[in-house]
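So the number in my numbering is just where the residue sits in the sequence shown, counting from 1, plus 1180.
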Amino acid sequence: MRLTHPDRVIDSSSGLTKRDLAEFYIRTLDWIIPQLADRPVALVRAPEGIGAQLFFQKNPESLAIQGIDSISKAQAGHPAMVINSPEALLGAVQMSTIELHTWNATGADLKRPDRFVLDLDPDPALPWKSMVEATQLTLTVLDELGLKSFLKTSGGKGIHIVVPLTPKDSWEDVKAFSQSIVKYMARLIPDRFSAISGPRNRVGRIFIDYLRNGLGATTISAYSVRAREGLPVSVPIHREEVGELKAANAWTIVNLHERLDQLKEDPWAGLRDTKQTITRDMRKRIGMK
């Protein structure tokens, strides 16, 4: 497709351009399209580059994005759009999109989520070692509950833990369960974790954000670029890689393909085939009534 203003710099810190971004997404199509397929998506657009105003867009009404699919409010509870093809993804890039945020449900059943996400959001003053330890502790709790989980870097400062589900429970029930996990961990280790959002409540601690698990809420997609200096990427990782990571923004549009070319196995290879539901025993073990 024809890309207008391909040489426009979108990140002044690195000199990366709109063409660089489009070429990154073209090279990453086989990885990112399966993450976007059939999921309502919200876009973060930067028409004047990441140093200027950003626009968070949940529906395509004012955008003429080629190939984009629309979902009505009657279908989903919120008007939304879906990127199911390379044409639609590149059409979004043409309209200055940088970030892609997805729902925790697909078009197969928009009323029941097929996963929940725990977003470990640290006090910026904490060393990276604290994030690694917090991730490992959270994984241990999920393991003890009998829930298989998958990891990705946020592309910012945190780690996202994705727990796939067989669609069964409502949005309200899944969000309540994820909140209860966070409250349980905050009770268990109060000096490390906070169950309440806001900078004051996470001083010296990590807030585990469960708020992304409600109807219409979104999380940055795996393999999406972030609108931050250097254009980092949110990247799936193997559990054993957590201790080796130096930062959550280690991979960018410049170096991610070195990693992808060297991978022997997709870190999320088993995610789609994972069959699990939230049980009464799980709820009981974290103190839910």
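Ideal Cβ positions, reconstructed from N, Cα and C, are used throughout, including at glycine.
Note that the structure is predicted; figures quoted are calculated from it, not measured.
Please name the residue in the options whose C-alpha comes closest to that of residue i.
{"i": "I1190", "options": "S1276, L1270, I1206", "result": "S1276"}
{"i": "P1214", "options": "S1401, S1192, L1443, V1362", "result": "S1401"}
{"i": "P1302", "options": "L1443, F1387, D1453", "result": "F1387"}
{"i": "L1243", "options": "T1286, P1293, R1225", "result": "R1225"}
{"i": "F1204", "options": "L1425, L1322, S1404", "result": "S1404"}
{"i": "S1193", "options": "D1441, I1376, P1412", "result": "P1412"}
{"i": "K1348", "options": "K1469, P1293, L1443", "result": "P1293"}
{"i": "A1428", "options": "T1318, I1245, G1338, G1229", "result": "G1338"}
{"i": "H1281", "options": "A1305, V1321, A1272", "result": "A1272"}
{"i": "L1300", "options": "E1279, L1290, D1371, T1333", "result": "T1333"}
List the endpoints of the continuous beta strand (DSSP E) containing residue i.
{"i": "R1225", "result": "1220-1225"}
{"i": "S1313", "result": "Before going on, a small fix: residue 1313 reads as Glu here, not Ser. Taken as a continuous stretch (DSSP letters only), E1313 belongs to no beta strand (DSSP E), being part of the alpha helix (DSSP H) at 1308-1325."}
{"i": "V1189", "result": "1189-1191"}
{"i": "Q1267", "result": "Gln is not the amino acid found at residue 1267; the sequence shown has Glu there. Here E1267 belongs to no beta strand (DSSP E); instead the alpha helix (DSSP H) covers 1266-1274."}
{"i": "I1278", "result": "1277-1282"}
{"i": "P1302", "result": "1295-1302"}
How far does the alpha helix (DSSP H) with residue i in it extend, from its first residue to its last?
{"i": "D1461", "result": "1460-1465"}
{"i": "L1436", "result": "1436-1442"}
{"i": "M1261", "result": "Not the alpha helix (DSSP H): M1261 falls in the beta strand (DSSP E), residues 1260-1262."}
{"i": "D1210", "result": "1209-1216"}
{"i": "Q1255", "result": "1253-1256"}
Taking all protein chains shown into account, do 16 or more other C-beta atoms lie within 10 angstroms of the C-beta of residue i, making it buried, or fewer, making it exposed?
{"i": "Q1359", "result": "buried"}
{"i": "G1472", "result": "The structure shown does not extend to residue 1472, since the chain is modelled only from 1181 to 1469, so the question has no answer here."}
{"i": "M1462", "result": "buried"}
{"i": "F1373", "result": "buried"}
{"i": "M1365", "result": "buried"}
{"i": "I1230", "result": "buried"}
{"i": "Q1237", "result": "buried"}
Whole alpha helix (DSSP H) elements within the region 1327-1396, 4-residue minimum:
1351-1368
Is it true that the region 1251-1271 meets the region 1220-1234, where meeting means three or more beta-carbon pairs spaced less than 8 Å apart?
yes
Measuring CB atoms only, is the region 1296-1313 touching the region 1327-1347, in the sense that at least three cross pairs come out at less than 8 Å?
Because the criterion of three Cβ pairs below 8 Å is met, the region 1296-1313 and the region 1327-1347 touch.
Inter-stretch contact at 8 Å, needing at least 3 Cβ pairs: the region 1230-1242 / the region 1416-1423
no
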